[in-house]
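Student: Okay, handing you the structure first.
Right under this line is the structure:
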């Protein structure tokens with residue numbers, strides 16, 4: 032009987048710094064498995080964000096660059112434009128991508144840059160200590176919204192997938208989650224699809240992953256999963272918002288002019 | 554020996570082009586050359602001016618406050634710059650649009666109705682070439698034949714316009730002799 | 021190839037191509053937008069990459085990403101744009117990637133103006149972004165020199181794995197001068213496979229490369245900074261460039277001036293010579309490393325009574341000149357801001373004041 036479970040080659044032999052119950056480890060593993068399965072490890076360049084995953088390059092066995100806060104999509108653009116043969120992905124959290132890096136992600140998506148974005152949405156700034164993010168839910172308590180997020184002051188949480196799907200150019204946009212094995216399998220399929228579109232030079236691909244942050248939410252890992260299911264999933268609905276084959280619902284009647 | 558020519562007028566009168574054609578001819582004649590435009594918001598339809606410096610030595614300061622020559626294509630330019638021209642220089646006046654004098658008796662003044670002349674040639678757009686030819690043939694800042702070559706080179710991509718501009722050169726030269 | 025009459029901005033773009041750099045990312049800003057306009061036509065024809073980014077911030081990271089792959093890449097901007105790029109520049113120096121930044125300076129602070137200025141001296145030379153870093157800064161005084169500096173910049177950036185800045189002003193970008201392009205450079209063998217994140221397959225290696233700027237361990241960060249410092253020290257040893265003008269005469273005053281301003285000073289010096297007054301000049305061609313020794317020696321000449329620093333800003337270079345002169349002579353400043361380029365007459369007047377107090 033052969034091995035039924037082993038560490039992906041793309042994943043390094045080391046212990047991560049992530050908190051117990053954090054879903055970053057799962058997301059890393061899925062990316063590593065996909066890269067192995069697609070056989071592209073030796074031509075992949077990852078881009079680490081600023082945030083909890085800033086040290087993620089320690090957990091992978093291929094080339095990595097480390098970006099400044101929010102700038103990963105600009106760096107990925109630089110790489111793909113000069114080396115379109117490389118496989119490039121950014122891995123960004125919600126503070127990084129939806130706040131300080133909003134401009135970079137929107138424009139990279141709108142140019143249809145042929146790289147893949149893995150977007151970790153856990154409704155909070157992790158590394159800096161649990162501050163409010165653009166994705167923090169209404170009334171959710173964080174260290175900078177101690178009485179709960181007041182939407183009159185700070186607006187409603189930003190739905191990045193829906194927002195990017197409203198652009199005409201970016202073509203593969205999906206929101207998945209890592210809250211249980213069934214979801215994880217679907218998330219992996221989505222990540223593989225995203226990388227496949229990139230490798231085929233088809234389109235910009237974006238996979239949002241609804242994730243947990245037990246530490247900054249002040250919950251046990253199990254409670255965190257429950258909270259995410261009850262609070263986050265109703266607002267951040269799962270699904271494929273757009274594919275290159277089908278377009279999005281709102282767009283099916285509008286064909287690009289060229 | 555250093556020659557400085559200030560070209561000034563409205564945006565759209567071909568001021569920058571006149572300067573560039575002259576600078577190219579001066580370079581072909583073996584001079585050190587600098588062409589400096591006014592740039593920015595003022596080039597969007599307002600006043601436009603540029604300066605050409607041609608010298609037999611390396612050009613130090615490219616900023617010329619007192620040019621040797623002036624080509625004034627509109628009245629505000631003449632009013633503004635005529636007092637700055639060095640004594641003994643040349644002031645070209647586009648008399649189609651300027652009814653006043655240079656107000657100087659120590660410079661050589663040429664007045665040419667370039668718009669009427671260009672219209673007679675069949676295209677008012679050639680007015681700036683008429684002006685350039687008149688100015689050059691009078692001031693002798695560059696060899697006229699090199700000016701002709703420079704005009705041809707500038708219009709190399711719009712070959713259809715070359716015959717018109719050759720006629721404009723001759724007409725300008727003739728007007729300056731009067 | 022003979023001389024062609026070319027605008028500084030366009031010549032800078034062409035020089036990059038001839039230096040083997042076919043990758044350009046930029047954001048428009050006066051007075052240098054002609055570089056982007058020129059390259060948007062020229063680069064596709066040369067088989068290169070042209071991309072207009074969404075902001076100067078983004079552009080600086082496009083440069084970082086491309087440079088970290090070991091590809092030659094450059095951008096051009098003007099003062100307010102360079103302020104925005106300064107974040108990325110700090111990261112690129114920390115990540116030790118070669119790249120070329122061109123700053124065609126305009127007046128500041130804030131939006132300032134669009135006319136020529138030299139008010140970004142401190143920003144360029146002392147590090148406009150955060151942290152202990154330096155750029156190798158070259159300051160051309162003519163379109164021809166801008167071309168030559170561009171063509172040498174990429175090799176220098178690669179030698180030090182550090183960004184090089186070409187610091188011009190609005191006049192260098194906007195004026196046309198005759199230019200003779202040197203022969204296109206041949207690509208030198210590079211050590212980029214040792215550090216570039218160009219994909220393991222590209223370099224036929226099992227070892228991955230990492231371009232990063234985070235060093236959480238204090239000792240490691242200190243060592244990293246010491247290593248950067250050693251590179252800057254090596255630049256000071258090997259890369260100082262300057263031009264000495266009229267220094268064989270017994271001058272009573274030494275001018276230190278660079279870029280467009282130094283041309284005005286040269287005319288002033290020539291005119292004063294006709295009047296029997298000898299003035300010497302050191303024109304730094306590299307602003308970092310600064311020609312300290314040349315200025316020290318020239319200021320120390322027996323006949324020299326004072327040093328005059330002439331700049332199109334409020335005296336940002338004076339500190340470096342004072343440091344170089346080391347108290348041997350008094351150091352004075354003359355300059356103007358906002359696009360008013362001092363005339364030779366004004367410089368002469370200032371010189372006469374100092375020469376006949």
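Chains as they are written, first to last, in my numbering: chain A, 32 to 289; chain B, 554 to 731; chain C, 21 to 377.
Ideal Cβ placement from N, Cα and C applies to all residues, glycine included.
1. I'd like to know whether the C-beta of residue 228 of chain C is nearer than 8 Å to at least one C-beta of chain A.
2. Can you tell me which of A/39, A/56, A/52 puts its alpha carbon nearest to the alpha carbon of residue 46 of chain A?
3. Determine whether the beta carbon atoms of residue 180 of chain A and residue 167 of chain A lie at a separation below 8 Å.
4. With the cut-off set at 8 Å, would you say residue 72 of chain A and residue 54 of chain A are in Cβ contact?
5. State the Cα-Cα distance for the pair residue 244 of chain C and residue 95 of chain A, rounded to the nearest angstrom.
6. Does chain B have any CB closer than 8 Å to the CB of residue 364 of chain C?
7. Quick check on residue 129 of chain A - is its C-beta less than 8 Å from some C-beta in chain C?
8. Taking only three categories from DSSP, how would you classify residue 62 of chain C?
9. Thinking residue 330 of chain C and residue 285 of chain C are a contact (beta carbons under 8 Å), I'd like their distance in whole angstroms, please.
10. Is residue 83 of chain A near residue 158 of chain A, with beta carbons less than 8 Å apart?
11. Taking the C-alpha atoms as reference points, what is the distance between residue 632 of chain B and residue 624 of chain B?
12. Between which residues of its own chain and residue 260 of chain A is the CB-CB distance below 8 Å, once the five residues before and five after are set aside?
13. What number of angstroms, rounded off, separates the C-alpha of residue 257 of chain A from the C-alpha of residue 52 of chain A?
14. In chain order, what residues of the same chain have a beta carbon less than 6 Å from the beta carbon of residue 106 of chain C, not counting five sequence neighbours either side?
15. Rounded to the nearest angstrom, how far is the Cβ of residue 662 of chain B from that of residue 604 of chain B, given a contact under 8 Å?
16. Of all Cβ atoms in chain C, is any one closer than 8 Å to the Cβ of residue 70 of chain A?
17. Output needed in chain order: residues of the region 282-302 of chain C with a Cβ under 7 Å from some Cβ in chain B.
18. For residue 573 of chain B, count neighbouring C-beta atoms within 10 Å of its own C-beta (all shown protein chains included) and say buried if the count is 16 or more, exposed if not.
19. Give the C-beta separation of residue 58 of chain A and residue 151 of chain A to the nearest angstrom, bearing in mind that I take them to be a contact with Cβ-Cβ under 8 Å.
20. Residues in the same chain with beta-carbon distance under 6 Å from residue 556 of chain B, minus the five sequence neighbours each way, listed in chain order, please.
21. Verify whether the separation of the beta carbon atoms of residue 183 of chain C and residue 302 of chain C is less than 8 Å.
22. Using a Cβ-Cβ distance cut-off of 8 Å, determine whether residue 218 of chain C contacts chain A.
23. Show which residues of chain C have a CB atom less than 8 Å away from the CB atom of residue 140 of chain A.
24. Taking the continuous alpha helix (DSSP H) assigned at residue 176 of chain C, which residues delimit it?
25. Taking only beta-carbon atoms, is residue 378 of chain C less than 8 Å away from chain B?
26. I want to see whether chain C comes within less than 8 Å of residue 44 of chain A, judged by CB atoms only; does it?
27. Can you tell me whether residue 364 of chain C is buried or exposed, with buried defined as 16 or more other CB within 10 angstroms of its CB?
28. Applying a beta-carbon distance threshold of less than 7 Å, which residues of chain A neighbour residue 56 of chain C?
29. Which of helix, strand or coil does DSSP assign to residue 36 of chain C?
30. In angstroms with no decimal places, state the Cα-to-Cα distance between residue 325 of chain C and residue 612 of chain B.
31. Where in the region 115-202 of chain A do unbroken runs of the beta strand (DSSP E), each at least 3 residues long, occur, reported from the N-terminal end onward?
32. Identify, in the order they occur along the chain, each residue of the same chain with its Cβ nearer than 7 Å to the Cβ of residue 351 of chain C, setting aside the five sequence neighbours on each side.
33. So is residue 82 of chain C in contact with chain A if we call contact Cβ pairs under 8 Å?
34. How many Å lie between residue 208 of chain A and residue 276 of chain A at the Cα?
35. Give me whichever residues DSSP pairs with residue 623 of chain B in a beta bridge.
36. Measuring only the C-alpha atoms, how far is residue 596 of chain B from residue 52 of chain C?
Tutor: Result, derived from the coordinates:
1. Here residue 228 of chain C is taken as the residue at index 208 of the third chain, counted from 1. Yes, its Cβ sits closer than 8 Å to a Cβ of chain A.
2. Within the first chain, the letter at position 15 stands for residue 46 of chain A. Closest in alpha carbon position to residue 46 of chain A, among A/39, A/56, A/52, is A/56.
3. Locating residue 180 of chain A in the first chain gives position 149, counting from the first residue. Locating residue 167 of chain A in the first chain gives position 136, counting from the first residue. Yes; because the gap between Cβ atoms is below 8 Å, this pair is in contact.
4. Along the first chain, one-based indexing puts residue 72 of chain A at 41. Along the first chain, one-based indexing puts residue 54 of chain A at 23. The beta carbons of residue 72 of chain A and residue 54 of chain A sit no closer together than 8 Å.
5. Stepping through the third chain from its first residue, residue 244 of chain C is reached at position 224. Stepping through the first chain from its first residue, residue 95 of chain A is reached at position 64. Each residue's alpha carbon lies about 19 Å from the other.
6. As a working mapping, residue 364 of chain C is identified with position 344 in the third chain. Yes, because at least one Cβ of chain B sits closer than 8 Å to the Cβ of residue 364 of chain C.
7. For the purposes of this step, residue 129 of chain A is taken as the residue at position 98 of the first chain. Residue 129 of chain A does not count as touching chain C.
8. Your numbering for residue 62 of chain C matches position 42 in the third chain. Residue 62 of chain C: helix per DSSP, three-state reduction.
9. By one-based count along the third chain, residue 330 of chain C stands at place 310. By one-based count along the third chain, residue 285 of chain C stands at place 265. Yes, they are in contact, since the Cβ atoms of residue 330 of chain C and residue 285 of chain C sit about 5 Å apart, within 8 Å.
10. Reading the first chain from its first residue, position 52 is the one you call residue 83 of chain A. Reading the first chain from its first residue, position 127 is the one you call residue 158 of chain A. Cβ distance < 8 Å, so residue 83 of chain A and residue 158 of chain A count as in contact.
11. Walking along the second chain from the start, residue 632 of chain B turns up at place 79. Walking along the second chain from the start, residue 624 of chain B turns up at place 71. Per the coordinates, the alpha-carbon of residue 632 of chain B lies some 12 Å from the alpha-carbon of residue 624 of chain B.
12. By 1-based counting over the first chain, the position of residue 260 of chain A is 229. Once the five neighbours on either side are set aside, the close Cβ partners of residue 260 of chain A are 210.
13. If you number the first chain from 1, residue 257 of chain A lands on position 226. If you number the first chain from 1, residue 52 of chain A lands on position 21. Taking the straight line joining both Cα atoms gives about 12 Å.
14. For the purposes of this step, residue 106 of chain C is identified with residue 86 of the third chain, where counting begins at 1. Contacts found: 148, 149.
15. Working through the second chain from its first residue, we reach residue 662 of chain B at position 109. Working through the second chain from its first residue, we reach residue 604 of chain B at position 51. No, residue 662 of chain B and residue 604 of chain B are not in contact; Cβ-Cβ is about 20 Å, not under 8 Å.
16. Reading the first chain from its first residue, position 39 is the one you call residue 70 of chain A. With 8 Å as the cut-off, residue 70 of chain A does not count as an interface residue toward chain C.
17. Residues passing the 7 Å Cβ filter: 283, 284, 286, 287, 290.
18. One-based indexing of the second chain puts residue 573 of chain B at position 20. It is buried - the Cβ of residue 573 of chain B has at least 16 other Cβ atoms within 10 Å.
19. The sequence position of residue 58 of chain A within the first chain is 27, counting from 1. The sequence position of residue 151 of chain A within the first chain is 120, counting from 1. The beta carbons of residue 58 of chain A and residue 151 of chain A sit about 6 Å from each other, so the pair counts as a contact at 8 Å.
20. In the second chain, residue 556 of chain B corresponds to position 3, counting from 1. Listed in chain order, the non-local C-beta contacts of residue 556 of chain B below 6 Å within the same chain comprise 607, 621, 694, local neighbours out to five positions each way being set aside.
21. Residue numbering aside, residue 183 of chain C sits at position 163 when the third chain is read from its first letter. Residue numbering aside, residue 302 of chain C sits at position 282 when the third chain is read from its first letter. No, these two residues do not count as a Cβ contact at 8 Å.
22. Along the third chain, one-based indexing puts residue 218 of chain C at 198. Answer yes: the Cβ-Cβ gap between residue 218 of chain C and chain A drops below 8 Å somewhere.
23. Working through the first chain from its first residue, we reach residue 140 of chain A at position 109. Within chain C, no residue has its CB atom less than 8 Å from the CB of residue 140 of chain A, the nearest being about 11 Å off.
24. Stepping through the third chain from its first residue, residue 176 of chain C is reached at position 156. Per DSSP, the continuous alpha helix (DSSP H) segment holding residue 176 of chain C begins and ends at 163-180.
25. The structure shown has nothing for residue 378 of chain C, since chain C only spans 21 to 377.
26. For the purposes of this step, residue 44 of chain A is identified with residue 13 of the first chain, where counting begins at 1. It does not; no Cβ of chain C falls within 8 Å.
27. Here residue 364 of chain C refers to the residue found at position 344 when the third chain is read from its first residue. Residue 364 of chain C comes out buried.
28. The residue you call residue 56 of chain C lines up with position 36 of the third chain. Correct list: empty, because the minimum Cβ distance to chain A is about 15 Å.
29. Translated into the one-based positions of the third chain, residue 36 of chain C becomes position 16. Helix, per DSSP.
30. Position 305 of the third chain, counted from the first residue, corresponds to residue 325 of chain C. Position 59 of the second chain, counted from the first residue, corresponds to residue 612 of chain B. Whole-angstrom Cα-Cα distance: 28 Å.
31. Counting whole runs of 3 or more residues, the region 115-202 of chain A contains the beta strand (DSSP E) stretches 118-124, 147-152.
32. If you number the third chain from 1, residue 351 of chain C lands on position 331. Answer for residue 351 of chain C: 327, 329, 338, 341, 342, 345, listed in chain order.
33. For the purposes of this step, residue 82 of chain C is identified with residue 62 of the third chain, where counting begins at 1. Closer than 8 Å to some Cβ of chain A, the Cβ of residue 82 of chain C qualifies, so yes.
34. Against the first chain, residue 208 of chain A aligns to sequence position 177. Against the first chain, residue 276 of chain A aligns to sequence position 245. Approximately 23 Å, taken between the alpha carbons.
35. Sequence index remark: in the second chain, residue 623 of chain B carries index 70 (1-based). Bridge partners of residue 623 of chain B: B/559, B/644.
36. Counting from one through the second chain, the residue named residue 596 of chain B turns up at place 43. Counting from one through the third chain, the residue named residue 52 of chain C turns up at place 32. For residue 596 of chain B, the predicted structure reports a pLDDT of 47, less than 50, and the residue's modelled location is therefore unreliable. A value from the coordinates is still provided. Distance between the alpha carbons of residue 596 of chain B and residue 52 of chain C is about 15 Å.
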